[in-house]
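For the first sequence, the residue numbers in the UniProt record's numbering are 1 to 720. Yeah, the Cβ is synthetic: ideal placement off N, Cα and C, and Gly gets one too.
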Amino acid sequence: MTASSTPDVPPVSSTVRKLDRAQSQLDAKGAPAEPFVLPPVAGGMNDAQREAVRHLDGPCLVLAGAGSGKTRVITQKIGYLLRDCGYNARNVAALTFTNKAAKEMAERVKSVAAPNQLKGLTISTFHSLGVRLLREEAKKVGLKPAFSILASDDALGIVQDLIATTDKGRLRAVQNTISLWKNALVEPDEAERIASTEGEREAARAYRSYNATLRAYQSVDFDDLIRLPAQLLERDDEARERWQSRLRYMLVDEYQDTNACQYRLVQLITGPRAMFTAVGDDDQAIYAWRGATIENLAKLTTDYPNLKVIKLEQNYRSVQRILAAANRVIEKNPKLFDKKLWSDLGAGDPIVVVPMDGEEAEAESVAVRISAARFEKKAQWKDFAILYRSNHQARAMEQALRNLKIPYMVSGGQSFFDKAEVRDVLAYLRLIANDEDDPAMIRAITTPKRGVGQATLEVLGNYAGEREIPLFAAIFETGLEQRLAARQLAQLREFGEFIHRMQWRAGRGASGEAITSAEPAGEILDDLLRAINYERYLYDTFDERGAQARWQTVLDLTGWLRRKAEEDNMTLVELVQHIALITMLEKNDEEDPDVVRLSTLHASKGLEYPHVYLVGVEEGLLPHLGKDDEEGDPAKAAESLVARVQEERRLMYVGITRAQRSLHVTWCKKRKRGREDVAREPSRFIEEMGLGGEKIVDTTPAMSAKDRLGMLKALLNKGG
DNA sequence: TGCCATTCGTTTTTT
DNA sequence: ACGAATGGCA
């Protein structure tokens, strides 16, 4: 799986040797030595946490069980480095996987050091760091600094052009396989060698041209944001040394979710000095499907013989009964590191398991129970979370919550940036920032319709192909006059002029680099939307309701862009360059509103709630086991099935351990599948929780609509 | 031959 | 409930 044998990616050991050489040169030039005497650490931590914070004698792995205070360790350690150890914030980086986690960590770090000490500190996702590195080093990688980042849908479009099929599932499979290869540092050559199934062979054939197409568009996909920086640092001694002396201490959160590529990047940046702290929990590894491998945890111990391993085993989050159930479930998985979580927060209430008739009944019942519990426990809405395996389960829940007028927020789910209207607007912005971005060009020039259709684009595409120039540049070529009707040509040129004007106003110099005389992003955006008449287009193509919702989304987007540009004093072009990574979570700045949280189990990781309702805990849903692929190799199929059950079990573990005080687990005896009701079995994980006599099986039927209304009124009256 | 409507089927998680 | 595929109609 690792790329040790790939010709153009040297094996770890040789890399480390090279790094050693590079590093000794660096140190000889007088880089500051690490502090000798360790100052004390501020209190409020247990012995293990304190040890983790203070360990600076080399690489450090913190095995942090759920709720054991890992974020605390990271933030305290940042504070320790900056306050007490003389580190400059510019030389410290903390990496997370999600924007949400990065944002939260940035928030918590504020309490740990003075603002001026924090200036220049890097707290970002792997992907954001990758973008930053890539923008700065663009020339060395053969990209212009204004390269585009393609969302997965755009990347899928590229795959579609490469493979002759309309089968969306197959295209996704190819895209996915390529993504996994990139994450595992497998280059096209090796991919061709190791492809074993028909699907993989198809992907291997497309892999090389997929990369070539991206390059032609001056674009990268998400995986490239890690892969290309790693590749660059691997090959370019000068760049590597520069980044090594720049990021002198790294902290990596959720280390169990790193993939081979991310591991390599960390390894290259930290170099042989290996000044880093990795924090993770093998029991919470739930991203194997996107290339993460817990082998990275094991590899750490072999790659770094002087690795200090510290376990955090005291849980500060959950009541004993919840923790015990979680421990019993995860016990069924093989252990990489032995650790046992304990808590002194008291026994707590028994865990409640409730079988339900169907998904509406389940949703209704959970909603009613939350209403009642809020009243009984004098709790707030935001003390409750409803967690589920897959996004579509949110539908029924949302409906039930709306019926009871319970405020809620859905986190996770499909990204804001996947919405068509957002991608439409962004296509224009991408094109303005990078006019070699052909997918953006095609999308922009065809939405809204402006009399340029398939036929015209084909002519343009052919012409651009012959000359090997971008589509946008082709617009202005004189050779087109013979091939296109005057009318079409006029449309194209008008569009081209329009984009040119926007580029100029947005602060993009003729050759692509940013210039200083840019107009405010907000004004340009307004003019852009007005010029393309986007609102009108929405109302023409959708019904009143749909158009209104979509237009609101566009306003959210532009409003956010405008604010962001002002706050960070960026030109539109600069803004667009890192926008692909930003989640709308960042937009929801309103500090935690009092609402019930709906979330997938994946999106819930790292969060905690007093009262958790884990719904749809059924065989086939959690664990969700797809079909066995592995064409005709029963041994392999069985092996992968076992691995998948183990990952689903960790997902269950993550779900249970989100709960602080109470946990409800529900499952449906029947569930609608298509139009038929299908009988369902409770998840094996319910049994594995080992609730024994303690389990309460509550079979109260769902309330009638009338009773519910009565209860709601009663609650409203009493609750005020 | 192309488009519209109906019917059937359905693996999920995210940067 | 959504998306794709197929069948029927114009």
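For residue 392, the closest of 57, 659, 621 and 74 by C-alpha to C-alpha distance is 621. In this structure, residue 269 sits near residue 247, with a CB-CB distance shorter than 7 Å. Inclusion of residue 612 and residue 659 in the CB contact set at 7 Å is warranted, their separation being smaller than that value. In this structure the segment 337-346 does not touch the segment 86-104; the number of beta carbon pairs closer than 8 Å is below three. A distance below 7 Å separates the beta carbons of residue 283 and residue 653.
Between the segment 68-86 and the segment 111-120, the count of C-beta pairs closer than 8 Å reaches three or more; the two stretches touch.
By the neighbour-count definition (other C-beta atoms within 10 Å, threshold 16), residue 507 is a buried residue.
In summary, residue 196 is exposed, with fewer than 16 beta-carbon neighbours lying within 10 Å of its beta-carbon over all protein chains present. Nearest in C-alpha terms to residue 138, of all of 577, 351, 641 and 688, is 577.
Remark: fewer than three beta-carbon pairs, one from each stretch, lie closer than 8 Å, so the segment 667-685 and the segment 370-386 are not flagged as touching. With at least 16 other beta carbons inside 10 angstroms of its own, residue 239 counts as buried. Bridge pairing for residue 667: 355 [DSSP].
Under the DSSP definition of a beta bridge, residue 676 partners with 673.
For residue 305, there is no enclosing alpha helix (DSSP H), as DSSP marks it with neither H nor E. Residue 397 sits in a helix when the DSSP states are folded into three classes. Put simply, the backbone Cα of residue 159 is about 7 Å away from that of residue 206. Taking a cut-off of 8 Å on C-beta distances, the segment 217-224 does not touch the segment 54-72, as fewer than three cross pairs fall below it. If you check the CB distance, residue 97 and residue 254 come in under 7 Å.
Residue range 198-216 is occupied by the alpha helix (DSSP H) that includes residue 204, with no beta strand (DSSP E) assigned at that position.
Between residue 521 and residue 557 a beta carbon distance of about 12 Å is seen, past the 8 Å cut, so the two are scored as non-contacting.
Considering only 662, 101 and 364, the residue with the shortest C-alpha distance to residue 383 is 662.
According to the DSSP assignment, residue 343 belongs to no alpha helix (DSSP H), since it is labelled neither H nor E.
By the beta-carbon neighbour count (other beta carbons within 10 angstroms, threshold 16), residue 390 is exposed.
Judged by DSSP secondary structure, residue 634 falls within the alpha helix (DSSP H) whose first and last residues are 634-656.
Taking residue 308 as the centre and dropping the five residues before and after it, the same chain places the C-beta of 55, 57, 58, 59, 60 and 61 closer than 8 Å to its C-beta, in chain order.
Spanning the alpha carbons of residue 532 and residue 292 requires a straight line of approximately 42 Å. The bridge partners DSSP lists for residue 219 are 148.
In the DSSP assignment, residue 690 forms no beta bridge with any residue. In the DSSP secondary-structure assignment, residue 277 is bridged to 60 and 251. Sequence-distant Cβ neighbours of residue 605 in its own chain, meaning closer than 6 Å and more than five residues away, are 654. Under the three-state reduction of DSSP, residue 485 is assigned to coil, being neither helix nor strand.
Bounds of the beta strand (DSSP E) holding residue 611 are 609-614. Contact between residue 99 and residue 122 does not hold, since their C-beta atoms are separated by about 14 Å, which reaches or exceeds 8 Å. Counting along the chain, residue 385 sits inside no alpha helix (DSSP H); it lies in the beta strand (DSSP E) bounded by residues 384-388. Comparing alpha carbon positions, the residue from 163, 299 and 132 closest to residue 148 is 132. Sequence-distant partners of residue 127 (beyond 5 residues in either direction) whose C-beta falls short of 8 Å from its own C-beta, in its chain, are 222, 225, 226 and 581.
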